[in-house]
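K.L.:
Supplied in structure tokens, the structure appears directly below.
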Amino acid sequence: MKRFAGDAAGSITLEYLMVMGMVIPVMVLWISLFSPDTGYTDTGWLLMQFFQRLLSGVALPIP
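Count along the sequence shown from 1, then add 21; that gives the number in our numbering.
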């Protein structure tokens with residue numbers, strides 16, 4: 022894992038790039054499927070709000 026800088030910082034950078042390479046396509050797919058504008062789901066806004074809460078660090082929806 023020490024490819025970029027030959028130390029721990031290079032390992033962290035590589036890990037960050039790998040995680041972002043997996044997370045960004047999933048987020049794009051999620052938004053394209055569950056966006057209320059696409060008409061695929063009637064409850065698109067609720068799913069989008071929950072997804073935004075997950076991204077902001079609030080894991081559970083607050084009633």
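All C-beta atoms in this analysis are idealised placements derived from N, C-alpha and C, irrespective of residue type, glycine included.
As the structure is a computational prediction, the values presented were derived from the model and not from experiment.
1) Can you list, in chain order, the residues of its chain with a C-beta nearer than 8 Å to that of Leu-38? Leave out the 5 residues immediately preceding and following it.
2) Where Ile-52 and Met-69 are concerned, what is the direct C-alpha to C-alpha distance, given to the nearest angstrom?
3) Rounded to a whole number of angstroms, what is the C-alpha to C-alpha distance between Leu-54 and Phe-72?
P.N.:
Straight from the coordinates:
1) none
2) 8 Å
3) Leu-54 and Phe-72 have their alpha carbons spaced roughly 13 Å apart.
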